[in-house]
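Participant:
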Amino acid sequence: MLRYTGLTIWRARFPLRLTFSHNLATRSEAETLLVELRTSSGHCGYGQVLPRHYLTGETINSSLEYLVSDLWPALQALILPTAGGEAAWREALHPLYTRSDSERRTAAWAGVDIAGYDAWARSTGSIPPAGNRIPLVGVIPALGPRKAWLLARLLRLMGFRHFKVKVGQDASRDTARLRAVRAAIGAAWLAADANAAWDADEALARMRGLSEWGVSVVEEPLMPAVAASADYRRLEADTGVATMADESLCTLADAKGLIERGRPSWWNLRLAKNGGLNGYRILSALAAEVGATVYGGILVGETGALAAACRVAWRDGSCGLGEYGFPRVFLKKDPFRGSPAGYAGYMDMAATLGLGVTTTAENLHRAGADVVFSYLGD
606 MLRYTGLTIW
616 RARFPLRLTF
626 SHNLATRSEA
636 ETLLVELRTS
646 SGHCGYGQVL
656 PRHYLTGETI
666 NSSLEYLVSD
676 LWPALQALIL
686 PTAGGEAAWR
696 EALHPLYTRS
706 DSERRTAAWA
716 GVDIAGYDAW
726 ARSTGSIPPA
736 GNRIPLVGVI
746 PALGPRKAWL
756 LARLLRLMGF
766 RHFKVKVGQD
776 ASRDTARLRA
786 VRAAIGAAWL
796 AADANAAWDA
806 DEALARMRGL
816 SEWGVSVVEE
826 PLMPAVAASA
836 DYRRLEADTG
846 VATMADESLC
856 TLADAKGLIE
866 RGRPSWWNLR
876 LAKNGGLNGY
886 RILSALAAEV
896 GATVYGGILV
906 GETGALAAAC
916 RVAWRDGSCG
926 LGEYGFPRVF
936 LKKDPFRGSP
946 AGYAGYMDMA
956 ATLGLGVTTT
966 AENLHRAGAD
976 VVFSYLGD
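Residues 606 to 983 in the numbering used here are what the sequence shown spells out, letter by letter.
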């Protein structure tokens, strides 16, 4: 019988080469948990936990406690399928995902979900077929106009054809940034991300003004208190700009609430906030059912392991556009090797065994990761 028999968790703070700022947070490092699950066949898989308190209420400490006290005993009790492919593996883990989702523990769950898939796939030799390349979005942080122009122009020359700009902190600076980015990218597709910055009246005014810069989609325009009862279809009709849910879309209950009130046209699904591969599959299927477009997002500080997990999730073609975290560029030290390239505006969908990434305890230690829990089996 195939089981999960070992768990190791590292805690780390990975310094970023740039400071990333938006309406809800400023980040110069990524505090994270890295997870290794081992199966009874001796194979290991890797995942990452990146909690954001403003998303699900989770923290590093609460995630660690949940992983060790709740999820690990339940994972040990599972008997893993050796036939039936990824669908059979998802079915085996579905009850644990459902419980984590209902308790808004989706960031903690994502770490073991991704590591669990990686270990199971390596143990069973499961290699899904390759998929079509996914166009990637170049994200422009809340930079000054000159730096924003330089970054946008560089990404455009690298092959990016889709862009997203951070807005929401200061109207005049947002306008200068948008003007600079539009000048750098020409007629390329452009979205704006307000990170829950505006009340209802400001959202109407600001979204209408964004049409001057050819913005197609505005991500999370409304403050949480307003978003909780907002009809996004009405907002789209009043402004002529599509909307995208992100901070307001973490769990299955969140998704159902958005549908009931008038869902946004786009759903930003991030593995690290939505419950890993199990969460992504369920929410992307629901998006398809109601006609929403899936946007594959990332969180600042994702390592190569999470980048590779995106490649696994998006392989089925459910994702219209995706982001790439450039872990080898933005993280001063990424302990994983073998993650997708993603530097030419597309994510490769090559067939891989598990996530297709590797690391060693020495690499993790050199990257500043320290073991905080280890159970290596009987």
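Using N, Cα and C, we set each Cβ at its ideal position, and we do this for glycine too.
Remember, it's a predicted structure, so these values are computed and weren't measured experimentally.
1) By Cβ distance, which residues of its chain are closer than 8 Å to GLY791, with the 5 residues on each side in sequence left out?
2) Run through DSSP, which three-state label would PRO750 get?
3) How do the stretch 856 to 874 and the stretch 885 to 903 stand: do at least 3 beta-carbon pairs fall below 8 Å, yes or no?
4) Say whether chain D places a C-beta atom closer than 8 Å to the C-beta of LEU683.
5) Could you tell me which of SER821, LEU827, LEU854 sits nearest to VAL846, measuring between CA atoms?
6) Looking only at DSSP bridge pairs, what is TRP694 linked to?
7) From which residue to which residue does the alpha helix (DSSP H) around TRP792 run?
8) Just to confirm, are GLY650 and ARG710 a CB contact at a threshold of 8 Å?
9) Which class does ARG782 belong to by DSSP, given the choice of helix, strand or coil?
10) Does DSSP put GLN774 in a helix, in a strand, or in coil?
11) Ignore the nearest five residues each way along the sequence and tell me which others in ARG695's own chain have a CB closer than 6 Å to its CB.
12) Label GLU865 either buried or exposed according to how many other C-beta atoms from any shown protein chain fall within 10 Å of its C-beta, with 16 as the threshold for buried.
13) Taking Cβ to Cβ, would you say ALA713 is nearer than 8 Å to VAL905?
14) For the candidate residues ALA912, ASP851, ALA682, ALA893, whose alpha-carbon lies nearest to that of ALA833?
15) Is the Cβ-Cβ distance between ALA793 and ARG766 less than 8 Å?
16) Which term fits TYR671, buried or exposed, when burial requires 16 or more other beta carbons within 10 angstroms of its beta carbon?
17) Given ALA789, which residues of its chain have a CB within under 7 Å of its CB, disregarding the five upstream and five downstream residues?
18) DSSP state of PHE935, grouped into three classes?
19) I'd like the span of the alpha helix (DSSP H) that includes PRO829, first residue to last.
Facilitator: According to the structure data:
1) ARG761
2) helix
3) yes
4) This model lacks chain D altogether, as it is built from one protein chain only.
5) SER821
6) For TRP694, which the question treats as bridged, DSSP gives no partner whatsoever.
7) It is worth fixing the name first, because residue 792 is Ala in this sequence and not Trp. Counting along the chain, ALA792 falls outside any alpha helix (DSSP H), and DSSP gives it neither H nor E.
8) no
9) Secondary structure of ARG782 (DSSP, three-state): helix.
10) coil
11) ASN883
12) exposed
13) no
14) Closest by alpha carbon: ASP851.
15) Between ALA793 and ARG766, the C-beta spacing is below 8 Å.
16) buried
17) The residues are TRP754, ALA757, ARG758, ARG761.
18) Correct three-state label for PHE935: helix.
19) It spans 829 to 832 - the alpha helix (DSSP H) in which PRO829 sits, taken as one unbroken run.
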